[in-house]
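First up is the structure itself, then whatever we jot down about it.
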Amino acid sequence: MYHSQGKYFIITIVLLFLVSCKHSGDKTTLAFYYWKSNFNIDKTDISYLKDAGVQKLYLHFFDVSWDETYNRALPVAEMKFEAEPTDKFQYVPVVYITTRSLNNTDGDSINKLAEHIYDEVEHIVTTNKIAYKELQFDCDWTDATRSKYFALLSFFRNKFKSTGQLVSATIRLHQIKYADKTGVPPVDRGMLMFYNMGSINSVPGYNSIYNDKDADKYVTYVSAYTLPLDVALPVYSWAIWARNGKVQDIIEKALNKDFADTAMFLSAGNNIFVSRGSFFFRGKYFMKSDTVKTEEVTPEICEDAATNVAKYLKNEPRTISLFEYDSLYLSTYNKKDLEKIYTLSR
Amino acid sequence: MKKSTLFPVSLIVLVAGIMFACADVEMTYYPTSFFAPEITHNKSAYVFFRAFYPLYEDSYKENYLADFKATNIIEWENYFKQQIKKNDLSYILYDARLGEIDTLILSIKKADYPISDELKGNSILKAADTKSVLDFLFYTGFARRCEKYAAYNVGWWDEDRKNDNPLDDKEGMAKLADGGIKQIGNANSDFVRQRYAFQVLRLYYMSGENDKCIQFYTDRKKIIESTNNSIKYRSIGYLAGAYNRNKQYGTANYFYSLAYDGCDTMKISAYFSFHPQEEEDWQQTLNMAKNTRQKAVLWQMLGIYRDPFRAMKEVYALDPKSDLLDLLLARTINVEEEHFLHQYGPYGEGETDSLDYINTGNINKELVAFLKTTAGKENTAKPYEWNLAAGYLCWVIGDKDFQKYIDKAKQEAAKDTLVQEQIRLIELLDLVKLGKAGDKKFEEKVAPELEWLRGEEHPREFRRGDAYRWVTKILETKYAKDIVKSTCFKHELSDGEMHNDDLLNTLKAFMDKKDKSAFETYAWRELQYSKTDLIEIQAVNSIYSYKLKNAMAHFNEDAAAGKEKLTANPFMIHINDCHDCDHQDSEKTIYTKKEFVQKMIDMEDIVQKNPKDAQTYFQLANGYYNMSYFGNSRDIYDAKGYYIGSSFFEFWEYSNTSGTDSLPVYVNCSKALEYYKKAIDASKDPEFKAQCCFMAAKCEQNYFFCHKPKGYIGDFKAGDYFAMMKSTYSNTKYYQEVIKECGYFKTYVNK
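Taken in order, these protein sequences are the chains called A and B. Those letters in the first sequence? Residues 1 to 346, per this note's numbering, in order. Those letters in the second sequence? Residues 347 to 1097, per this note's numbering, in order.
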């Protein structure tokens, strides 16, 4: 008896401590987006992630896209599991929904589509023995697709009422700023994508993935948003390839060092490289004088983003997730960098 | 997250935008161009001509099965030396169930084996060479068993998701492949052996065993390549696919190029599979080429894929007579045109500006030099193409040699209609470029050429539209000081010009001119208005500035003017406007526009003489009310270029972002209001006065709608005439009717 009273006493102390604690930092869950088509995490990855205190991984399960030949919405780019998901992490399946697939699906058929998505998710989690407490949807909905998308989200919320699983949706910055026009999705939580807010151009010195100036146009609206928010911060890099100043394409996962071969590129400084002739590079065909501008998100830039958004976040438990996990960035981001980013974003 | 989809989305928007913009002018599936690639007459290359979409005319190809099927049937027909009917072969190959194929086999082996009449009628049973027939049937049965693996679409969800994915059945596929290998030994001809080998190869590919697939091809190369048919090249396609999956891109692309060049049914899919990744693997592919042809084919693929000019130079260096050259030449010219000709923006922007110049600064000088040299050597398979191309680009940059090349092409392709049209076009472009406004000699020379270009008698492939627009724009600019001709070349009148009476009169005089020169006649026909159209525009202008006698004078200029019947009686009014009721009223008095104006003039004369004629004021007011946007006879305003749309206000509010746009004349009800007021003053009958008062209130209300503050939401605010209705006419019957019918008024009264 005495013993059990003592236990309650300790619990009460702990609760009091938590309540009185001004900062919710201890309740921040650290996460990464794992956005590859193959799930292949080895020991090095696990120890890196664990070391950094990562508890959760968001997995890109599949896209729902519109198939012209069969005239129906179909799952594509489904994640292949080459390694068994370790139980050291929580997993959140993410389903990306193209607006085209919603545009082409009748309002009446949304529940059917939702059932298909549910079956597909269940199929993947069962096959790979994954337990999930949250399912996330990623969709840049428009006026025309909003009602369908929200209906689809409601389906899952109803479905999960009995299981207690959560439904979350990615939220883009313009959806925060213009929430009265775009609507707020009917989900338990939103995942604010705090990156990729600028315009894709070849202007030297401008970083479209994150820069304070573009962020400031939106960030003040974050505090007024009605959904509880998790936050995704960028830790990726890419390069913008242009010809005569006209953007041709984005070269994914590209760093400055990728353009170091002076037989192909000449460095013009300021993260700009100029091609010296005609050649293939990463599947793209360069012609003489094409330019490449790398946009790297260094730990300093990500820290800026974290500091900026943290000012407008409510003091409540949340997940801070970094986009995206790739061994390419590991050398740039050491344990200390990640810890700093997480601390700043609390 | 959205990163991966950012680009595809914006590219779709861009392409859709381009198509949309062109819909305005003339639907084309290629960027702005004066140069028809069809002058090469290289039919097998048409699909790879420059277009907005990856393929010319066809846009995309999604389903290759029909092509494979058709080729396969032809190959089997040849195998049976045309002894079996096409439909019978097709049925067995693609429709027959396994049981039916077995039945056919058994009934060949045993004459009295039971068989359906339908199957019995299949001409395969009548073939003399039963050995070949049995080979065919056994093979078809085998192929049918492979189908579920070969034709399975990965990534489906379905109601019956529980069904296992056949591609997971590795054991079943391996077993079947072993059976196929055995059958290679049993078959009696290379033709059938090759097909078994193809099935086995494909099974390995489908089960993801890339190394096994490659090994099998290498081991059975002789049999797979024994017949030069579609099966050989489809096998090569799977081989390339296996290398591709193994990330051996250099080798994969080499084999894709063999399929691309060797087999028409594989051409498009092999091209779409061709994706060099790094310079190293591209160099490896080039090194794999065994002869000049193979190397030239690789360069042609690169030319279509990314860099036609570089490819053209490489192929020319390898073999100046190569038939692979002219596609590259045509593509190079068309791609170059995108640099120097004006391209429409994604949303139709830039439709009017910069059409009148050719951006010579953007032309690749090296290309022009190469074309001149090559044309000069006359050592290609079709020298006329090179002279034509060199002549065209020389013209573009203003090189004096242009005529020399053009003349040569003219001789070399004397009987080629399309080439001759192309040449005539370039010469016309030159004539227009050099011509001076008002120069009689120029006008005489150019007029028949312009008539020719405007005419419809051209080969379908001839690129007339962009050239016609360019020529017209240049003429409009050159003749800027000749108000009549520049207006004609502009085709349409702006709003300001439609209200410019002097200009309209000048245009009318020009139309009346008896001894028009050929050039003037051409210009006149470019203007999209007839003389009657101009007269009606003038009459409408007069009506809406209440100069009725002027309007009548205009109508009288031309017997055809003002003859259109109005859809409603323009003197009819109601408490609530109901245009549809007035239009449908079968007993309405019908007026033409001209009769309406005449009646208005007559009534104006009456009130002029008798200012106490309340009824006539009322009728006049009704006429003025009904010819406005709010009345039942908006069609009084109809003239070419004049039209009152029923959603005028939505558009006006939408476009009037600054809030300062002036309102069009036709929303003005002030004249009607003035006359309703006069009618009230002139009458002593309270019922009649009430009616006039209410109509005046409507005019007032319309004024409010037109002038309410931007963004104003809520009811209209009552003015003087609602107040007068309430204070002066509440005892009338008409007042009670208004209360019943008009919600606004009722609300007002009950306040």
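The C-beta atom is built at its ideal place from N, Cα and C for all residues, glycine as well. Nothing here was measured: the structure is a model prediction, and the numbers come from that model.
*At a CB-CB cut-off below 7 Å, which residues of chain B make contact with A/Y118?*
In chain B, no part has a C-beta under 7 Å from the C-beta of A/Y118; the shortest such distance is about 10 Å.
_Distance between beta carbons of B/L513 and B/M552, contact taken as under 8 Å_ = Here B/M552 really is in contact with B/L513; their C-beta atoms are around 6 Å apart, less than 8 Å.
*Just confirm the distance between the C-beta atoms of A/F194 and A/V309, as a whole number of angstroms; I'd bet it's less than 8 Å.*
Between A/F194 and A/V309 the beta-carbon gap is near 5 Å, inside 8 Å, which marks them as a contact.
*A/E303 to A/L344, Cα distance in whole Å?*
Taking the straight line joining both Cα atoms gives about 7 Å.
*asked:* Just to confirm, is the Cβ distance from A/T105 to A/A73 under 7 Å?
replied: A contact, by the Cβ cut-off of 7 Å.
*Should A/I171 and A/Y221 be called a contact, given that it needs their Cβ atoms to be closer than 7 Å?*
no
*Leaving out five residues on either side along the sequence, give the residues of the same chain with a beta carbon under 7 Å from the beta carbon of A/N103.*
A144 and T145
*Give the secondary structure of B/P794 by DSSP, where H, G and I count as helix, E and B as strand, and everything else as coil.*
helix
_Three-state class that DSSP yields for A/R72 in the structure shown_ = strand
*A/D63 and A/Y96: beta carbons closer than 7 Å?*
yes
*For B/E941, return the contacting residues in chain A, with the cut-off set at a CB-CB distance below 9 Å.*
Those do not exist, as B/E941 stays about 49 Å from chain A at its closest Cβ, beyond 9 Å.
*C-alpha gap between A/F259 and B/R652, whole angstroms*: 21 Å
*Give a yes or no on contact between the stretch 513-532 of chain B and the stretch 573-591 of chain B, applying the rule of three or more CB pairs nearer than 8 Å.*
no
*Going by C-alpha distance, which of A/L229, A/W66, A/T298 and A/E84 is nearest A/W238?*
For A/W238, the nearest C-alpha among the options comes from A/T298.
*Identify each residue in the stretch 640-659 of chain B for which the Cβ-Cβ distance to at least one residue of chain A is less than 9 Å, and report them in chain order.*
From the stretch 640-659 of chain B, only L648, Y651, R652, D653 and R656 have a Cβ closer than 9 Å to chain A.
*Please decide whether A/F279 counts as near chain B, where near means a Cβ-Cβ distance under 7 Å.*
yes
*Proximity winner among B/A899, B/A905 and B/L771, relative to B/G737 (alpha-carbon distances)*: B/L771
*chain B contact for A/T262 (CB, 7 Å cutoff)*: Closer than 7 Å: no.
*What does B/N409 touch in chain A if you count any residue whose Cβ is under 9 Å from its own?*
T69
*Would you mind reading off the limits of the beta strand (DSSP E) that contains A/V247?*
K246 to E252
*With a CB to CB cut of under 7 Å and the five nearest residues on each side skipped, what residues in its chain are close to B/L1144?*
Lying outside 347 to 1097, the shown extent of chain B, residue 1144 of chain B is not represented and no answer is given.
*asked:* In the DSSP output, which residue or residues are listed as bridge partners for A/L90?
replied: In the sequence as displayed, the identity of residue 90 of chain A is Gln instead of Leu. Answer is A/K56.
_Check whether chain B comes within 7 Å of A/Y218, counting only Cβ atoms and requiring the distance to be less than that._
no
*Count the other CB atoms, across all protein chains shown, that sit within 10 Å of the CB of B/D1031; report buried if there are 16 or more and exposed otherwise.*
exposed
_Pick from B/F1040, B/W732, B/G722 and B/K456 that is closest to B/E1146, judged by C-alpha positions_ = In the structure as shown, chain B starts at 347 and stops at 1097, and residue 1146 of chain B therefore has no counterpart that could be examined.
*asked:* Please return the same chain residues whose Cβ sits closer than 8 Å to the Cβ of B/Y1012, not counting the five positions on each side in sequence.
replied: Y890, M973, S974, Y975, R980, Y983 and I990
_At the level of alpha carbons, what is the spacing between B/G694 and B/R815?_
Residue confidence is low: B/G694 scores 49 on pLDDT, short of 50, so the model does not pin down where it sits. No coordinate-derived value is stated.
*With DSSP run on the structure shown, which of helix, strand or coil describes A/G269?*
strand
*Would you say B/E684 reaches chain A, if we count a Cβ-Cβ gap shorter than 7 Å as a contact?*
No Cβ of chain A is located within less than 7 Å of the beta carbon of B/E684.
*Could I get the ranges of all uninterrupted alpha helix (DSSP H) runs contained in the stretch 403-449 of chain B, with 4 residues as the minimum, in chain order?*
411-425 and 432-436
*Taking Cβ-Cβ distances shorter than 9 Å, what residues in chain B pair up with A/M287?*
Those are R652, D653 and R656, listed as they occur along chain B.
*Where does A/D63 sit, in a helix, a strand or coil, going by DSSP?*
strand
*Consult DSSP for B/N972 and reduce its assignment to one of helix, strand or coil.*
helix
_Where B/A759 falls, given that 16 or more other Cβ within 10 Å makes a residue buried_ = Residue environment for B/A759: buried (at least 16 other C-beta atoms within 10 angstroms of its C-beta).
*Mind checking which residues open and close the beta strand (DSSP E) that includes A/Y34?*
That run of the beta strand (DSSP E) goes T28 to Y34.
*Please determine if the stretch 330-339 of chain A and the stretch 283-300 of chain A are in contact, where contact requires at least 3 C-beta pairs separated by less than 8 Å.*
Flag = yes, the stretch 330-339 of chain A and the stretch 283-300 of chain A touch.
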